[in-house]
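This report refers to the structure that appears directly beneath it.
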Amino acid sequence: MFGKKIVVALWAFSGACLAQQSSPAASPTKKDFEGRWMVTEVVGYATEGGGIPHAKELLGKLMEITTHGIDFDGNRCTAYKGFRLREVDSAVELRANAGATREDAELPGKVFLLDSDNCTAIFWLRENKIEFDDMGVFVRAYRTR
2 MFGKKIVVAL
12 WAFSGACLAQ
22 QSSPAASPTK
32 KDFEGRWMVT
42 EVVGYATEGG
52 GIPHAKELLG
62 KLMEITTHGI
72 DFDGNRCTAY
82 KGFRLREVDS
92 AVELRANAGA
102 TREDAELPGK
112 VFLLDSDNCT
122 AIFWLRENKI
132 EFDDMGVFVR
142 AYRTR
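Be aware that the sequence shown starts at 2, since it is given in our numbering, and climbs by one per residue.
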């Protein structure tokens, strides 16, 4: 009987720990996006775009996000009016701005988006993991610093 109570207690404790790990993180700030990111995976493609040849070129490339802009593999963009951070419905955002579906990008229904009038839009997946679209190729990048 005592052994059963220990097993039940451990099971309940592990369930509580897993629930804490899988619950969504606090809302990111613009500062959370800043840093250097490396493209490590391709997750999908818009209907029109660079396709597999372009996707292969993106793997391993670096993106640096600063307060003032983005540098992606030597291509610089200045966010002249600054960045906006907002929570969006990914299906609506992708349809309007990338000609893609949520399934193409493998994004959750609601996601935080860092964007500006003239720079690449960056989706926040979790701490140290972002996603963005480059010529119709959706890629994920991990923070390197």
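All C-beta atoms, glycine included, are put in the ideal place defined by N, C-alpha and C.
By DSSP, does arginine 141 sit in helix, in strand, or in coil? strand
Got a sec? Which residues, its chain only, sit under 6 Å from aspartate 72 by beta carbon, not counting five neighbours each side? Glu65
Tell me the rounded alpha-carbon separation between lysine 31 and leucine 60. 25 Å
In whole angstroms, what separates the C-alpha of phenylalanine 34 from that of glycine 100? 24 Å
Taking just the CA atoms, how far does methionine 136 sit from phenylalanine 123? Strictly speaking, residue 123 in this sequence is isoleucine, with phenylalanine absent from that position. Their backbone Cα atoms lie some 14 Å apart in a straight line.
Spatial distance of proline 29 from isoleucine 53 (CA atoms): 31 Å
Three or more beta-carbon pairs under 8 Å between the stretch 73-91 and the stretch 103-122, yes or no? yes
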